[in-house]
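Worksheet for the structure shown next.
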Amino acid sequence: MSTAPSLAAKRPSTLRGGHLPKWAPWAIAAGSIALGIGVSAAAGLHSSIQWALIAALLHVLGTYVIAARVENRRQAKDRVVTSLVWVAFLLAVVPLASLVWSTVQRGTKVLDVYFLTHSMGVVADSETGGGIYHAILGTLEQVGLATLIAAPVGVLTAIYLVEYGRGNLARAVTFFVDVMTGIPSIVAGLFILSLMLIFEMQPFGFAGSLALAILMMPVVVRSTEEMLKLVPNELREASLALGVPKWRTILKVVLPTSLGGITTGIMLSIARIAGETAPVLLLVFGSKFINANPFEGAQASLPLYIYQQYGSGEVTAYDRAWAASLTLIAFVMILNLVARGIARWKSPKTGR
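Position in the sequence shown (first residue = 1) + 7 = the working numbering.
See the structure below:
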């Protein structure tokens, strides 16, 4: 009986090369940070951004040199690309984390129940006290009205483009949606302002909602259109093969399948308009008092409140501006959490 197969199986493979251990990237990163700090200190650099960039460059170079020496050049290039992805990720996350930390640190000085439940009223910018209740109320009403206008129009437009749109009309609608996506917010405010001047109207909250709806519509159209395109055509064909009308197929099959993505897109568009200041400044004008009627009289909003308080130049106003900024960030975060909850609740159930 031949023993050649067993001997061949025990023979070590000559194709297996060196391989870095799993902890090697972390060790290289730690060494790069230490070298970056040392080089920055020796060169007299005092900026944390400078030593971070030096450490990132040393990390990429060190990864390539060590991987090329231990493994091979092909694997070294793969590790370098992975390192570049991580460096880009950190470059994007660090400023965001720094912004959130600064907002939380400065915004918590005056943020309390009193601040959230009172308006500025007769409080001067140089005085302590006051709150943002009037601004929160104005933002909720203006953004809510804009959503009621833009969300149905945007979703129906996307349904037309995906399910029915053919020919020159569909191309024209797509072109104008692309153009509207990039228009500055001040242009939408000036458009509504021109209509107000024609009809001799005074600033009021609903005017700001109209400008915000113009900014929101193209975002809703684009996000909804992409979600509808992800629905497999087999689902549409199966429904139509059973004799179900096309409108009912869209209503009962297409929309429920893509509801999670559509909801997320609408919430992202709300976050897009919640922080707009220019159209609100032109159309709503701002007020220190509570105005619960968006169809009459000047009204406040959180972005406008932040702009006015920070522009006053007073220390107490700076604290209120940071607290209002933190409130606006929390408002957008809550919207995103609600969107995720609705998307998970309404998404098609999978399983047996």
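Positions of the beta carbon are idealized from the N, C-alpha and C atoms, including for glycine. Values in this document were obtained by computation on a predicted structure and should not be read as measured data.
- Per DSSP, Q112 has no beta bridge partner at all.
- Three or more pairs of CB atoms, one per stretch, sit closer than 8 angstroms, so the segment 230–242 contacts the segment 264–278.
- Counting the other CB atoms within 10 Å of its CB gives H53 a total below 16, which places it among the exposed residues.
- In this structure, DSSP gives Q209 a state outside helix and strand, which the three-state scheme calls coil.
- With respect to the C-alpha of P159, the residue from L237, N343 and V228 having the closest C-alpha is V228.
- Around the Cβ of D185, a 10 Å sphere holds fewer than 16 other Cβ atoms; the residue is exposed.
- A straight-line Cα-Cα distance of about 14 angstroms links S246 and E170.
- Taking all protein chains in view, the Cβ of V291 is crowded by 16 or more other Cβ atoms within 10 Å, so the residue is classified as buried.
- Between P32 and S90, the C-beta gap is smaller than 9 angstroms, which places the two residues in contact.
- Contact check for S47 and I61: beta-carbon distance about 6 angstroms, within the 8 angstroms limit, so the pair qualifies.
- Sequence-distant Cβ neighbours of G136 in its own chain, meaning closer than 7 angstroms and more than five residues away, are V130.
- Setting aside the 5 residues that flank it on each side, S332 is surrounded in the same chain by T110, G114 and I313, each with a C-beta closer than 8 angstroms to its C-beta; the list follows chain order.
- Closest in C-alpha terms to A324, from the list A37, F96 and L118, comes L118.
- Under the DSSP definition of a beta bridge, Q306 partners with F292.
- The three-state secondary structure of A299, taken from DSSP, is coil.
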